[in-house]
Each structure stands twice: as structure tokens, then as C-alpha cells.
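Enquirer: Quick note, the sequence shown lines up with residues 401 to 849 if you use this note's numbering.
Cβ coordinates follow ideal geometry from the N, Cα and C atoms, glycine included.
Handing you a structure now.
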Amino acid sequence: MRLLPRLIPRSITAQITAIVAVSVVLGFMLVVTSLFVFFDGGSTHNSSDAAARIAKVTLLVKASEGPDEAAAIVAAAQRAGMKVTHVALTDLETPTDNVQLPLLARLVAGRLESNWGIDVVGGARRAADSADQLAVRVRDDSALLFDVSAVTKPWHLVLAPTVLTLTIVLVFVTLLSVYAVRWIIAPLSSVAAAAHSFGRSPDDNRIVSRSGPREIAQVADAVNDMRIRIRALLDDRTRLLAAISHDLRTPLTRLRLRAERIGDQDLRDGMLREITQVTRMLDETLDYLREDVRSESTSRIDLPSFLQTLCAEFADVGHAVSYEGPARLTWRCRPNVLTRAIGNVVDNAVKHGSVVTVVLRARNDGAVEIDVTDDGPGIPSSLRDKVFAPFFKGDNARSSANRSGFGLGLSIARDVIKDQGGEIVLLDRTPRGLIVRMSLPGEANALDC
Numbered sequence: 401m402r403l404l405p406r407l408i409p410r411s412i413t414a415q416i417t418a419i420v421a422v423s424v425v426l427g428f429m430l431v432v433t434s435l436f437v438f439f440d441g442g443s444t445h446n447s448s449d450a451a452a453r454i455a456k457v458t459l460l461v462k463a464s465e466g467p468d469e470a471a472a473i474v475a476a477a478q479r480a481g482m483k484v485t486h487v488a489l490t491d492l493e494t495p496t497d498n499v500q501l502p503l504l505a506r507l508v509a510g511r512l513e514s515n516w517g518i519d520v521v522g523g524a525r526r527a528a529d530s531a532d533q534l535a536v537r538v539r540d541d542s543a544l545l546f547d548v549s550a551v552t553k554p555w556h557l558v559l560a561p562t563v564l565t566l567t568i569v570l571v572f573v574t575l576l577s578v579y580a581v582r583w584i585i586a587p588l589s590s591v592a593a594a595a596h597s598f599g600r601s602p603d604d605n606r607i608v609s610r611s612g613p614r615e616i617a618q619v620a621d622a623v624n625d626m627r628i629r630i631r632a633l634l635d636d637r638t639r640l641l642a643a644i645s646h647d648l649r650t651p652l653t654r655l656r657l658r659a660e661r662i663g664d665q666d667l668r669d670g671m672l673r674e675i676t677q678v679t680r681m682l683d684e685t686l687d688y689l690r691e692d693v694r695s696e697s698t699s700r701i702d703l704p705s706f707l708q709t710l711c712a713e714f715a716d717v718g719h720a721v722s723y724e725g726p727a728r729l730t731w732r733c734r735p736n737v738l739t740r741a742i743g744n745v746v747d748n749a750v751k752h753g754s755v756v757t758v759v760l761r762a763r764n765d766g767a768v769e770i771d772v773t774d775d776g777p778g779i780p781s782s783l784r785d786k787v788f789a790p791f792f793k794g795d796n797a798r799s800s801a802n803r804s805g806f807g808l809g810l811s812i813a814r815d816v817i818k819d820q821g822g823e824i825v826l827l828d829r830t831p832r833g834l835i836v837r838m839s840l841p842g843e844a845n846a847l848d849c
């Protein structure tokens with residue numbers, strides 16, 4: 401038993417070669433076995449049929465009342481497909497013993513003698529014909545020569561067993577090949593599943609199994625090593641962000657406290673605006689780099705109430721933000737993450753437009769669409785793919801000195817929406833402005849639309 405695993409090829413090439421070789425050998429064995437079984441049984445069956453046909457013609461010729469009638473019987477047999485000739489015994493070469501006949505001819509001769517009492521001369525040959533023939537006596541001076549192969553319909557003997565044998569071999573080899581190939585390729589599925597789930601599911605730290613051929617084991621080792629290194633990089637980034645958040649927010653807080661003590665109001669207001677802008681840019685960068693997006697568990701929320709609350713927060717600070725859509729609609733999501741995404745889009749809209757509307761729609765397939773529309777200058781078509789790139793800022797119409805940031809708001813929204821399995825696109829608003837459409841899959845439940 402210990403020797404068996406050592407005999408199994410380790411490489412994919414060797415395993416596929418072994419599968420093909422085993423399939424060919426087993427298929428050949430099935431063919432040989434089938435030939436022995438079918439041809440042996442077929443010979444017995446066909447010998448009975450051939451003997452009956454030969455006996456019928458022989459008995460009719462024996463009972464004929466003259467040469468003309470005998471010739472008519474032989475002609476009728478020939479028209480029926482039998483190769484038979486009425487000859488004189490003196491025209492035959494020296495007959496051979498029945499023992500020297502082929503298997504099928506011996507079986508036919510034996511049945512003729514035992515069942516009908518017909519005298520078989522033997523495997524006689526005519527001088528002008530090299531084919532093996534079976535001669536039976538009909539009178540003292542004449543005999544009938546039969547071509548046994550023609551009488552027994554050899555196509556019936558060969559075709560049916562051959563087709564059946566090839567069918568069995570084809571089915572067997574196909575099943576064996578499919579099973580073996582799946583056995584070889586199956587470990588790749590586990591590697592792909594592990595790579596796909598990395599960073600998406602709680603068990604993304606599982607180790608990929610090394611089972612399978614040598615090449616797949618090498619891929620599994622590489623994936624495991626890559627996952628470990630990526631996880632280490634993410635952990636280092638998390639620690640770095642925590643340090644940045646602490647080391648930068650503390651000085652900013654001290655600066656704000658000192659600025660509030662300045663007596664000159666214009667100077668104080670200018671410094672506070674600058675500090676607020678730096679704080680906002682820092683928050684935006686940290687939000688983009690945070691990796692805890694997927695750690696939040698999903699829950700079912702009332703999406704209209706969720707969006708109305710978000711709109712109210714912007715309205716409380718003086719922005720014209722309103723909600724349109726159904727009164728009740730439940731949906732499963734990560735609420736805090738979704739707040740960050742939609743909040744960034746709305747914040748971007750209020751910076752460049754005077755009136756912003758958040759529109760919610762439930763689609764027939766269970767998904768939801770959230771449109772954030774503004775009446776601002778819009779975004780040119782040539783820049784719409786670029787604005788989702790990190791740190792990209794649009795044209796001057798969509799930015800100003802006192803509203804600039806790092807250009808991460810739409811990047812964060814895109815990443816969150818894509819992580820939820822949705823998509824975000826930019827559309828023109830008539831007569832002017834921009835529509836940011838976020839499509840989110842799920843099983844929404846509209847209760848009172």
C-alpha cells in the first residue's frame with residue numbers, strides 16, 4: 401500500500417499521459433474480449449443459419465427430376481445471394497478433411513451431416529478458383545459447391561459486434577477520462593475559490609490545500625505565501641493609519657484651540673478655515689485607505705429613512721438637499737459603509753450645485769437605484785472615467801480653491817458600491833447638472849411606495 405502513492409505521477413503532464421495510456425490499454429482489452437465473446441457466439445448462430453440455407457438448396461436439387469430443374473434451383477439460389485455452383489465430382493480437386501476447414505465451415509459441415517444427413521465432400525477447391533468452398537454430394541457423379549462466407553453473411557458477423565464493442569470502449573474511455581481530468585483539475589477550483597474570497601469573507605485567512613499534481617501544489621504554495629505577504633502589508637498599513645490619525649489630529653486640535661484665542665476676527669476665521677480644510681483632507685485620505693470596510697456586518701434597514709436622515713444632515717448646515725422616492729423600502733447592506741459612499745457623493749454635489757436631490761427607485765429584479773442629482777456645471781464626457789481615479793481632480797468648473805480636496809470622494813464611493821456588487825455611473829442632467837446613479841443588487845422589499 402505504501403508503494404501505490406509513489407507510483408502515481410506527480411506532474412500534470414505525466415498524469416494526463418498516464419490517463420491516456422490506461423484508457424488505451426483498457427479499451428484494447430475490452431475490444432479483444434468483446435471480439436472473442438461476440439465472434440465465438442456469432443459463429444455458432446451464423447453456422448445454424450448457413451447450414452439451413454445450404455440444406456434447403458441441396459435437398460431441392462436432390463429431389464429435382466432432371467438437369468434442367470436442378471439448374472433452375474441453383475439459379476434461384478444464386479439470385480438470392482448465395483454463391484453456389486453445380487459441378488461434377490470429377491471437376492473437383494482432391495477434397496480436404498473437415499478438420500482442416502476453418503471454424504465456421506466445420507460448424508456448417510457438422511450441422512449438415514447431423515441434422516439433415518447430407519454428405520459433405522469436404523473443403524474442396526476448383527482448379528480455377530482459389531476461394532475456400534464447401535462441397536456437398538447431391539448425386540453419385542455431381543456435387544454443389546457453396547462459398548460459406550457468402551452464405552453466412554459476414555457483414556452480420558462483423559458489423560454488429562464491432563459497433564457494440566466500439567460503443568462500449570468509447571463510453572468507458574470517455575467516463576474514465578472525464579473522471580480523471582476532474583480529479584486533476586479539482587484542486588485548481590479550491591485555489592481559485594481561495595484567491596477569490598481573499599479580502600471578501602471572514603475566512604480569508606484559510607490555507608489553500610496542496611493536494612493534486614506537483615504544479616498545482618506549487619501554485620497553492622505561491623498563493624498561500626502571497627496571501628500572507630498581502631495580509632502583512634495590510635496590517636502594517638492599518639498600524640500606519642492609526643499612527644497618522646493620532647500624530648496629525650493632535651497637533652490640528654492644538655492649532656484650532658490656539659486659533660480660537662486670536663483677537664483679530666479676520667485672521668482667526670482664515671486660520672480656522674485652513675485648519676478645517678486640512679482636517680477634511682486628512683479624514684478623506686484616511687477613509688480611502690481604511691481596510692475595515694468589509695468587517696462591518698450586513699443588516700436590513702429602511703432605505704428611505706436612511707436617505708432622509710442623510711439629506712437632513714446636509715440640510716441642517718444650510719444645503720438644499722431633498723429626498724424623492726418610496727416611503728418604505730427595506731434593503732440589506734452595511735449601513736456605515738453605505739453612509740460613507742452616498743455621503744461623499746452628496747457632499748460632492750453640494751459643493752458644485754445649489755439644489756441637490758436624492759432619488760430612490762426599486763427595480764423589478766429586486767435591485768435599487770439611488771440617483772444624486774445637482775444643478776451644477778456637470779462633468780465633461782471625456783473626464784467621467786477619470787474622476788473615479790484616486791487623487792484626480794476635475795476641471796476648474798467643478799473645483800475652487802476653498803473647496804479643493806485630494807479628489808478621493810468619488811473613489812471611495814466607487815469602491816464601496818463595487819464591494820456591494822453594484823455599479824456607479826455619471827449621467828447628464830437636463831437642462832444642466834450631473835446625475836450620479838448608484839445601482840445596488842439585492843432583495844429590496846417595497847412596503848408602501
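1) Please confirm whether D747 and G778 have their CB atoms less than 8 angstroms apart.
2) Using the rule of at least 16 other Cβ atoms within 10 Å of the residue's Cβ for burial, across every protein chain shown, is G670 buried or exposed?
3) Using the Cα positions of R537 and V563, report the straight-line distance between them to the nearest angstrom.
4) Can you tell me which of R639, G718 and A592 puts its alpha carbon nearest to the alpha carbon of R627?
5) In this structure, how does DSSP classify D669 when only helix, strand and coil are distinguished?
6) Between the alpha carbons of R673 and E660, how many angstroms are there, rounded?
7) Three or more beta-carbon pairs under 8 angstroms between the stretch 698-712 and the stretch 726-738, yes or no?
8) How far does the alpha helix (DSSP H) with F706 in it extend, from its first residue to its last?
9) Within 10 Å of its beta-carbon, does P613 have 16 or more other beta-carbons around it, so buried, or fewer, so exposed?
10) Hey, could you find the ends of the beta strand (DSSP E) M838 is sitting in?
11) Please work out which residues of its chain come closer than 8 angstroms, Cβ to Cβ, to Q708, disregarding the five sequence neighbours upstream and downstream, and give them in chain order.
12) With DSSP run on the structure shown, which of helix, strand or coil describes D683?
13) Leaving out five residues on either side along the sequence, give the residues of the same chain with a beta carbon under 7 angstroms from the beta carbon of V623.
14) From the DSSP output, in three-state form, read off H486 for me.
15) From the DSSP output, in three-state form, read off W516 for me.
16) Output the boundary residues of the alpha helix (DSSP H) element that contains A741.
17) On the DSSP bridge list, what partners appear for S722?
18) Work out the CA separation of R610 and S800 for me, nearest whole Å.
19) Going by C-alpha to C-alpha distance, which of R637, T676 and L641 sits closest to R654?
20) Would you tell me roughly how many angstroms separate the C-alpha atoms of A414 and S577, rounded to the nearest one?
21) At the level of alpha carbons, what is the spacing between I824 and S839?
22) So I568 and L426 are in contact, right, with Cβ under 8 angstroms, and what is the actual spacing, rounded?
23) Does the distance from the C-beta atom of V508 to that of I419 stay below 8 angstroms?
24) Spatial neighbours of T739 within its chain, please: CB distance less than 7 angstroms, with the 5 preceding and 5 following residues excluded, ordered by chain position.
25) With burial defined as no fewer than 16 other Cβ atoms inside 10 Å of the residue's Cβ, what is the status of Q665: buried or exposed?
26) Tell me, to the nearest whole angstrom, how far the beta carbon of V721 is from that of V750; I am working on the premise that it is less than 8 angstroms.
27) Run the CB neighbour count on H752, radius 10 Å, all protein chains shown included, and call it buried at 16 or more, exposed below.
28) Report, in whole angstroms, the separation of the C-beta atoms of R761 and G725, which I expect to be a contact under 8 angstroms.
29) Secondary structure at V825, three-state DSSP: helix, strand or coil?
30) Hey, how far is the Cα of R479 from the Cα of R582?
31) At the level of alpha carbons, what is the spacing between L640 and D771?
32) Among G821, L810, A813 and G833, which residue has its Cα nearest to the Cα of T757?
33) For S811, does the count of other Cβ atoms within 10 angstroms reach 16, so buried, or fall short, so exposed?
34) Look up I616 in the DSSP assignment and say whether it is helix, strand or coil.
35) The beta strand (DSSP E) spanning V608 covers which residue range?
Expert: Taking the definition as stated:
1) no
2) It counts as exposed.
3) 38 angstroms
4) A592
5) Assigned with DSSP and collapsed to three states, D669 falls in helix.
6) 11 angstroms
7) yes
8) L703 to D716
9) buried
10) L834 to L840
11) Residues Y723 of the same chain have their beta carbon placed closer than 8 angstroms to that of Q708, with the five preceding and five following residues left out of the count.
12) helix
13) V591, A594, A595 and V608
14) strand
15) coil
16) For A741, the uninterrupted alpha helix (DSSP H) segment begins and ends at P735 to H752.
17) T757
18) Residue placement at S800 cannot be trusted, given a pLDDT of 47 that sits under 50; the coordinates are not used to answer.
19) T676
20) 14 angstroms
21) Between I824 and S839, the C-alpha separation is close to 6 angstroms.
22) In fact, because the Cβ distance is near 11 angstroms, the residues do not count as touching under 8 angstroms.
23) no
24) Here the set comprises L710.
25) exposed
26) 6 angstroms
27) Taking every protein chain shown into account, the CB of H752 has 16 or more other CB atoms within 10 angstroms, so this residue is buried.
28) 7 angstroms
29) strand
30) One C-alpha to the other measures close to 57 angstroms.
31) Looking at the two C-alpha atoms, the distance is approximately 36 angstroms.
32) Relative to T757, the option among G821, L810, A813 and G833 whose CA is nearest is G833.
33) buried
34) helix
35) It is not in any beta strand (DSSP E) - V608 carries neither H nor E in the DSSP assignment.
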